[in-house]
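Residue numbers (this note's numbering): 140 to 364.
We put the beta carbon where it would ideally sit given N, CA and C, even for glycine.
Report on the following structure.
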């Protein structure tokens, strides 16, 4: 399957990248913006009562789906570096009645979360935009409880981008220009200390110059017990 759009609010794109109609109907419409490039919440197998952290929460879509999965006894923390987006996510939480979701202002390279406090870390088409991916995964490792898991959906490269695309603001907005080579991305996760890495899903992304260059992948890995 080929994905031709990333970070798009269209429900048709939402279904392509892994969100079901039922999931979309269960959350506020305003939260559907910035859908990313996958549905990490569906792939991380959340359990009732767990604590979840979303890196780069945006409008809150993955936080709200996680909140439904972990129930009232669970907790979801969404971190975003943009005050305006945080305001929107909190407003969406209020409209949807998500009392078990908390949004915090912060950078994914320096998380405002205590050590060993969450069961799962999720992220959707965000880490590839960071110039310090090693730091991001080390932070995810730090906040996870022993035995906890990370589930990320992200863009990776199978061959290098042209300089023109690398320097394109439109490509950054489309979650492409900051992407790493696939093997480098996976090595970064492993080097942060994670084990049992698994690519849960993989599909080609884009057309034209990007065809055959970019993949959307979902990766799961675990912090040792």
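query                                                                                                                                                                           : result
Mind reading off the beta-carbon distance from residue 334 to residue 361? Whole number of angstroms is fine, and I expect it under 8 Å.                                        : 6 Å
I need the DSSP call for residue 185, collapsed to helix, strand or coil.                                                                                                       : coil
Whole angstroms are fine: how far does the CA of residue 241 sit from the CA of residue 278?                                                                                    : 19 Å
Should residue 243 and residue 216 be called a contact, given that it needs their Cβ atoms to be closer than 8 Å?                                                               : yes
Residue 265: which of 363, 336, 342, 324 sits nearest, CA to CA?                                                                                                                : 324
Which value, in whole angstroms, describes the spacing of the CA atoms of residue 344 and residue 220?                                                                          : 26 Å
Within 10 angstroms of the Cβ of residue 312, are there 16 or more other Cβ atoms? Answer buried if so, exposed if not.                                                         : Below a pLDDT of 50, predicted positions are generally treated as unreliable, and residue 312, at 48, falls in that range; no measurement from the model is reported.
Tell me residue 217's beta-bridge partners as DSSP assigns them.                                                                                                                : 193, 242
Let me know the secondary structure DSSP gives residue 363 once reduced to three states.                                                                                        : coil
Would you decide whether residue 298 is buried or exposed? Buried here means 16 or more other CB atoms lie within 10 Å of its CB.                                               : exposed
Excluding the 5 residues preceding and the 5 following residue 245 in the sequence, name in chain order all residues of the same chain whose CB lies nearer than 7 Å to its CB. : 218, 220, 251
Rounded to whole angstroms, what's the CA-CA distance from residue 326 to residue 238? Just pull it up for me.                                                                  : 37 Å
Check this for me: beta carbons of residue 248 and residue 228, under 8 Å apart or not?                                                                                         : no
Quick check: what's the CA-CA separation for residue 332 versus residue 363?                                                                                                    : 8 Å
Can you tell me whether residue 105 is buried or exposed, with buried defined as 16 or more other CB within 10 angstroms of its CB?                                             : Residue 105 is absent from the model: the chain starts at 140 and stops at 364.
Bridge partners of residue 288, per DSSP?                                                                                                                                       : 259, 361
Specify, as a first and last residue, the run of the beta strand (DSSP E) that residue 338 falls within.                                                                        : 334-344
Just to confirm the assignment, what range does the alpha helix (DSSP H) spanning residue 222 have?                                                                             : 222-235
Just grab the DSSP bridge partners of residue 353 for me.                                                                                                                       : 296, 344
So the candidates are 214, 213, 338, 199; which of them puts its Cα closest to the Cα of residue 234?                                                                           : 199
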